[in-house]
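Inspection log for the structure reproduced underneath, given as structure tokens.
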Amino acid sequence: MKFKHYIFSSLLLAFTACSDDTPGSPEPEPEQPGTSVEKLVTINAGRTYQTIAGFGASDCWTPSYVGKYWTGSRDKITELLFSSEIQAGSPKGIGLSMWRVNLGGGSAGQGDASGITDKSRRAESYLTDNLELDWTRCEGQRYFLNRAKELGCESIVLFSNTPPVQYTYNGKGFSNRGSVSNLKTEHYTDFAAYMTDVAEHYITEGYPVTHISPVNEPQYNWDGGQEGSGWTNDEVAALARELDQALTERNLTTDILLGESGDWEYLYKTKDDANRSNVLSAFFTPGTSSYVGNLSHVKDLICGHSYWTDGTWDGMRSVRRQVAQAAQKYNIDVWQSEWSMLGDNYSNTEFIGYDNATEMDIAFYMSKVIHNDLTVAGVSSWSYWTSMDVARWGHKNRFLLISLVPGGGIDDNNANIEQEGTFQPTATLWVLGNYSRFIRPGYQRINMTLTESLNFFGSAWIAPQKDKIVAVFTNMSNKNVRLSEIHEGWSNEATSITTYTTTSNKNLTETTISGGESVTLEAESVTTVVYNLK
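In mature numbering (1 follows the signal peptide of the UniProt record, and there is no 0), the protein residues as written are -19 to -1, 1 to 515.
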């Protein structure tokens, strides 16, 4: 055990542990504006948990337009998403290590006949009407793919909301078949071959396509508004078997990512529709009709979405605790692949409400979700939903990291999205960066013990080479917090400490901590502390 600072007996007596093993309910703390408090935190590098695969976001849907038409802005926008470079004391971007790429169904080519009113929700496909592949399509998406690779993004996940319209029952990218798949029975092999074609094409060109996610949120019927289809567990399993065979025949190492459940609860219990829920049991119980655990490209991995189960601190922790228990039962790794602040089910006692919320308030709420997904559910990958969008209907930064204003103004149907305009990185971008820029693939979560509250929480991570420890703290209170630190299991003490702080007026601002000085977390901030070890 090594002590960074002197620990007084009064602090030890007052300390009530709340760690990864004993996550108890937080107690609200009385606050006096402008004061500073000291908090005890123990970081134990000898107790390890999950290893991070990546932090990401998706290219649904406006990157298709930005990459093609916004030629004066797109380089800077991609830097904000993918760059890990630190310039003049601040990161140029948030260093996303995972990029989710939409394999569209071809509704964009149908125009208004697609039945999807909002043109920005339509998506291109590489498949032509005569069932040939045209690699000149999806120009905007290809631009972002290329920039992700150039700037060091380590994992490309291809995901599909719908089969190509050429293979669906209604010839549309959305379904009118209710809870069952819109993919014609005779085209399961064709759809699997198409996804494999796209993966093979990009792998050949040097892109790190690590996973294909063939089905997205199968619990919903997706009968309009955007591309999508319902699927039963048996239908998903049938498609996974076809995709596994196609990947094997091409000698590709790309894995199949299953799940993408509409919320966490669909993974571990029967909910709404037995044929579309209790997904972990359905896919990983030998002998079931939907068992796919024996497929070579289906690793012990499932993913879900953090929507709808995040309304309160205690509620989100309860659900995520059950996710972790179910995953442990089946010995399955878990990814979180989509979240944005969707819905109106947020507690008035824990969230100020959308009308009164600032961008930073929304970013703070995201940090709560990230923290509980990482430390309670134990996910090894975390992705935001839309990397960028046009902010409409007073949504602020609820659904986006980068806010776009098209040159022709904001239209409810995004009719002006082809006209390059202005963009603005939001607080959600920078707070996500407190995690994504510094917790890199291969980093392992280590034990952190502190007194958590609704307004104060954190997690810690160690680099694969054991030469760096990263801690991320969220301090939503109106008081600065001075850390009194105990370090256990560290190979060496830090030779240097650097912090990166995000507030309503700071974007990952860098500060070097002088020797012997306590780490101080600003009031109303998210702060990453980087310890460089000897």
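Glycine is no exception: its CB is placed at the ideal position from the N, C-alpha and C atoms.
Nearest residue (CA-CA) to residue i, options the options
| i | options | result |
| --- | --- | --- |
| LEU489 | GLU186, GLN306, ILE75 | ILE75 |
| LYS250 | SER101, ASN111, ALA305 | ALA305 |
| GLY86 | ILE58, MET79, PHE172, VAL412 | PHE172 |
| ASN232 | ILE184, ALA218, GLY268 | ILE184 |
| LYS310 | TYR335, THR266, ARG373 | THR266 |
| GLN31 | ASN394, VAL315, PRO387, LEU164 | VAL315 |
| VAL217 | GLU230, GLU474, VAL273, GLN226 | VAL273 |
| ASN163 | PRO144, THR177, TYR335 | PRO144 |
| ASN312 | GLY133, GLY53, VAL360 | VAL360 |
| ASP281 | ASN513, SER270, TYR288, ALA308 | ALA308 |
| ASN83 | ARG421, GLU230, GLY121 | GLY121 |
| GLN405 | ARG421, SER321, PRO422, ASN378 | ASN378 |
| ILE109 | LEU238, GLY209, VAL161, VAL146 | The residue asked about is misnamed: residue 109 is Thr in this sequence, not Ile. Out of LEU238, GLY209, VAL161, VAL146, VAL146 has the C-alpha closest to the C-alpha of THR109. |
| HIS376 | ARG463, MET322, GLU113 | MET322 |
| ILE391 | SER101, THR367, ARG257 | SER101 |
| TRP289 | LEU239, GLU198, ALA219 | GLU198 |
| LEU220 | LYS153, GLU474, GLY240, LYS447 | GLY240 |
Strand pairing of residue i, partner residues [DSSP]
| i | result |
| --- | --- |
| VAL300 | Answer is none; VAL300 lacks a bridge partner. |
| HIS286 | GLU319 |
| GLY439 | PHE454 |
| ASP370 | SER384 |
| LEU413 | LEU413 is not bridged to any residue. |
| ASN25 | ASN428, GLU469 |
| GLN405 | SER384 |
| GLU19 | ARG463 |
| THR480 | THR492, VAL510 |
| ILE193 | LEU139, ILE237 |
| ALA38 | TRP80 |
| SER434 | PHE437 |
| LEU355 | BP columns for LEU355 are empty, so no partner. |
| LYS487 | THR484 |
| THR149 | LEU164 |
| LEU114 | LEU108 |
| ASP314 | LEU282 |
Buried/exposed call for residue i, threshold 16 Cβ in 10 Å
| i | result |
| --- | --- |
| ASP93 | exposed |
| LEU381 | buried |
| LEU21 | buried |
| ASN25 | buried |
| GLU105 | buried |
| SER17 | exposed |
| ASP354 | buried |
| THR476 | exposed |
| THR330 | exposed |
| LEU112 | exposed |
| ASN259 | buried |
DSSP three-state assignment for residue i, whether helix, strand or coil
| i | result |
| --- | --- |
| PHE63 | helix |
| ASP93 | helix |
| ILE33 | coil |
| GLY240 | strand |
| TRP363 | strand |
| residue 524 | Any answer about residue 524 is impossible in this case: the structure gives the chain only from -19 up to 515. |
| PRO72 | strand |
| LEU77 | coil |
| SER6 | Any reading at SER6 is ruled out, since the residue's pLDDT is 40, under 50, leaving its predicted position unreliable. |
| ASP342 | helix |
| ASP475 | Residue identity check: residue 475 is Ala in the sequence provided, not Asp. In the structure shown, ALA475 sits in a strand (DSSP, three-state: E or B). |
| LYS515 | coil |
| LYS449 | strand |
| CYS(-2) | Any answer about CYS(-2) is weak, because its pLDDT of 45 lies below 50 and its placement is not dependable; what the coordinates show is given next. Correct three-state label for CYS(-2): strand. |
| LYS250 | coil |
| GLY121 | helix |
| PHE155 | coil |
| ARG231 | coil |
| GLY206 | coil |
| ALA444 | coil |
| TRP245 | coil |
| ASP392 | coil |
Cβ-Cβ distance between residue i and residue j below 8 Å
| i | j | result |
| --- | --- | --- |
| PHE437 | THR455 | yes |
| GLY90 | GLY205 | no |
| GLN200 | TYR247 | yes |
| SER262 | GLY211 | no |
| VAL451 | VAL511 | yes |
| TYR188 | LYS130 | yes |
| LEU139 | VAL190 | yes |
| SER417 | PHE36 | yes |
| SER287 | VAL350 | yes |
| THR508 | LEU502 | yes |
Short CB-CB distance (under 8 Å) between residue i and chain B
| i | result |
| --- | --- |
| ASN326 | Chain labels in this structure do not include chain B; a single protein chain is all it has. |
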